[in-house]
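For reference, the structure is listed below as structure tokens.
This is the structure:
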């Protein structure tokens with residue numbers, strides 16, 4: 042029996058993985074071959090998807106990208122054994138794009154059947170929780186603090202401090218809320234993790250619950266991720282059946298349950314207080330802070346709100362120890378950074394590396410430049426609220442502080458590449474348009490400022506009172522930055538101002554329209 | 006009450022009953038109603054409100070806040086076209102023009118034959134292989150005009 046791995050991941054399937062799996066099953070049957078098809082997660086090398094792997098005497102061997110039309114030929118060439126074929130990639134372990142990464146959080150992604158608890162445990166899974174169950178809550182929090190782990194959702198707040206606050210706040214009921222509302226364009230790391238390794242999130246949440254004394258957990262998942270929803274629901278049910286959730290976790294007498302709640306298409310619900318409102322069944326209006334969610338969060342109770350990758354990182358910290366995690370990275374940015382190479386990029390996908398690599402190395406070495414073959418012109422890092430970086434800034438090391446100093450942010454690690462056909466004035470205008478569409482409406486600078494911003498950039502592009510409107514736009518940006526209630530209005534000026542500063546020729550009349558196709 | 010309106014009311018009532026005791030249960034309740042009926046009929050807002058212990062304004066407020074919820078009947082299949090930056094970088098603006106003209110609708114619209122509704126979406130998490138669209142629950146990568154036309158025929 043030969044094991045054949047074909048990912049069930051969203052992107053792999055968006056490129057035809059389901060059809061490839063069906064075709065391989067059909068050919069195997071017709072040829073009377075003993076083949077077991079495993080629908081694994083993706084390794085995140087999306088440029089190679091659908092990436093088909095076989096378990097052979099040489100180890101895991103890869104073929105990719107495999108289209109439905111390649112399958113007949115593959116079998117003729119000797120598949121499912123290692124064989125000569127244009128899609129033959131050799132050993133997975135030798136694929137440079139994967140080999141030169143430092144996979145901690147995504148070590149298991151693509152290796153295993155995402156829903157198999159046995160697979161998860163055979164690959165070190167649940168060793169972190171088992172260790173946590175032998176520790177006092179304060180010691181778990183201390184371990185997280187010592188690891189230097191910071192929130193991976195974008196704000197980079199030290200995780201240990203947040204947990205300490207919840208632990209120290211006395212309450213009958215506490216909650217853990219995983220923010221899986223991954224709305225930033227150019228990001229897919231949370232989705233990949235939930236589809237490829239959902240137990241890691243569940244384990245991280247359970248460790249968090251043990252640390253702070255929570256008994257109920259919620260995963261707030263965006264509705265755009267139906268495959269992740271399926272994986273999470275099944276994984277939660279399997280974990281409960283194995284006593285890894287529920288009334289007596291691992292025989293410890295401790296209790297923790299998780300439920301998944303699905304969002305309804307509002308970007309703002311990725312903001313933590315808006316997410317809490319949404320979990321309470323309300324409009325996703327941003328709350329004033331203080332009170333901090335760690336003190337008065339979900340249903341008014343102390344709540345840890347952490348991003349999916351933060352909670353996943355917790356499993357690694359507990360499994361391998363704080364020092365092991367801390368040894369990766371640089372300065373105050375410890376552990377690994379999960380970069381998502383997206384947009385107009387030749388070798389797009391998920392790259393996990395220690396903090397500190399330069400943006401240029403990422404886009405050129407891993408990304409291989411643009412997909413269109415034209416020169417890279419601008420790179421937006423950190424989602425729709427992140428800056429557009431010109432070539433002069435591509436040597437900035439990828440860590441939180443260096444990016445902040447460059448007037449940019451890492452955010453959730455999304456890297457969107459644009460070639461030289463991009464109209465940067467149009468991109469700046471879109472940033473304002475997106476804010477107008479997705480603002481929760483609670484504060485004026487964001488709700489009205491964004492609408493005025495669209496109008497102003499429109500006028501500037503048409504050369505209508507150009508200097509006057511540029512000055513006004515500058516003032517508007519300042520008002521939004523300092524007067525908005527949350528990062529939505531507060532950071533929308535970042536892409537706008539970076540475009541104006543570094544790509545100002547695009548704002549001259551006629552430039553944009555002329556350049557764009 | 007006519008049978009035509011009687012049936013949705015029965016469905017809505019049973020869904021509401023299921024979530025009445027769930028803390029923060031309005032979103033899952035609305036999702037389930039919409040999954041069963043295709044939309045959330047306006048004349049059911051009062052039933053939802055009384056069942057969930059909320060005012061009609063609160064229920065309407067939630068329905069109108071979230072892009073996913075609709076008060077009006079929708080096409081059999083919803084097509085979501087990603088308008089966000091990673092897709093823009095690979096030509097989604099051009100694809101958007103094509104899709105709108107091919108379907109003969111703007112965003113928010115439903116084709117005359119009732120088969121498709123077209124909605125914008127801001128990221129499907131498929132950003133390494135854009136442009137992306139979602140048809141029903143399936144996401145498709147690297148979609149250009151020709152691929153869109155083929156996909157449409159296969160629905």
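Protein chains in written order, with my numbering: chain A, 42 to 558; chain B, 6 to 160. Idealized CB from N, CA, C, for every residue including glycine.
Residue 115/B is bridged by DSSP to 122/B. By the neighbour-count definition (other C-beta atoms within 10 Å, threshold 16), residue 160/B is an exposed residue. The stretch 53-65 of chain B makes no contact with the stretch 94-104 of chain B: fewer than 3 CB pairs, one atom from each, lie closer than 8 Å. The three-state secondary structure of residue 485/A, taken from DSSP, is helix. With fewer than 16 neighbouring CB atoms inside 10 Å of its own CB, residue 177/A falls in the exposed class. Interface annotation, residue 49/B: not in contact with chain A, CB-CB separation never under 9 Å.
Taking the Cβ atoms as the reference, residue 243/A lies roughly 5 Å from residue 280/A, within the contact range of under 8 Å. Taking C-alpha positions only, residue 75/B is separated from residue 268/A by approximately 23 Å.
The Cβ-Cβ distance between residue 252/A and residue 185/A falls below 9 Å. In this structure, 475/A is the residue among 519/A, 495/A, 475/A with its C-alpha nearest to the C-alpha of residue 125/B. Taking 9 Å as the cut-off, the Cβ atoms of residue 411/A and residue 364/A do not count as close.
Taking a Cβ-Cβ threshold of 8 Å, the residues of chain B close to residue 225/A are 128, in chain order. When CB distances to chain B are screened at a threshold of 9 Å, the residues of the stretch 383-395 of chain A falling below it are 383, 384, 385, 386, 388, 389, 390, 391, in chain order.
Note that the stretch 147-158 of chain A does not touch the stretch 334-341 of chain A; fewer than 3 beta-carbon pairs, one per stretch, sit closer than 8 Å.
Secondary structure at residue 77/A: strand, using DSSP grouped into helix, strand and coil. Contact residues of the stretch 195-221 of chain A toward chain B are absent (C-beta to C-beta distance below 8 Å). By the criterion of a C-beta distance shorter than 6 Å, residue 254/A is surrounded in its chain by 215, once the five residues flanking it on both sides are discounted. By the C-beta density criterion, residue 240/A is buried, having at least 16 other C-beta atoms within 10 angstroms.
In the assembly as shown, residue 304/A is a buried residue. Its beta-carbon has 16 or more other beta-carbons within 10 Å. A distance below 6 Å between beta-carbons, with the five flanking residues on each side excluded, links residue 205/A to the following residues of its chain, in chain order: 182.
Under a 10 Å Cβ-count criterion, residue 446/A is classified as exposed, with fewer than 16 other Cβ atoms of the shown protein chains found around its own Cβ. If you look at residue 67/A, you'll find it in the alpha helix (DSSP H) that goes 58-71.
Between residue 63/B and chain A, the shortest Cβ-Cβ separation is below 9 Å. Of the residues 394/A, 427/A, 383/A, the one whose Cα lies closest to the Cα of residue 409/A is 383/A. Here residue 139/A is not near residue 91/A, since their CB atoms are 9 Å or more apart. Cα atoms of residue 524/A and residue 224/A: separation of roughly 23 Å, rounded to the nearest angstrom.
At a cut-off of 9 Å, the C-beta of residue 266/A has a neighbouring C-beta in chain B. With its beta carbon less than 9 Å from one in chain A, residue 145/B belongs to the interface.
CA-to-CA, the gap between residue 84/A and residue 234/A works out to about 10 Å.
Interface annotation, residue 470/A: not in contact with chain B, CB-CB separation never under 9 Å. Against residue 74/B, the close residues of chain A are 305, 306, in the order they occur along the chain (beta-carbon pairs closer than 9 Å). The beta strand (DSSP E) runs lying completely inside the stretch 274-358 of chain A and spanning 3 residues or more are 298-303, 344-348, given in chain order.
For the options 193/A, 77/A, 126/A, 272/A, the alpha carbon positioned closest to that of residue 379/A is the one of 193/A. For the stretch 419-430 of chain A, residues whose beta-carbon sits nearer than 7 Å to a beta-carbon of chain B comprise 421, 425.
Separation of residue 43/B and residue 79/B (C-alpha to C-alpha, rounded to the nearest whole angstrom) is 6 Å. Nearest neighbour of residue 530/A by Cα position, chosen from 323/A, 500/A, 462/A, 427/A, turns out to be 427/A.
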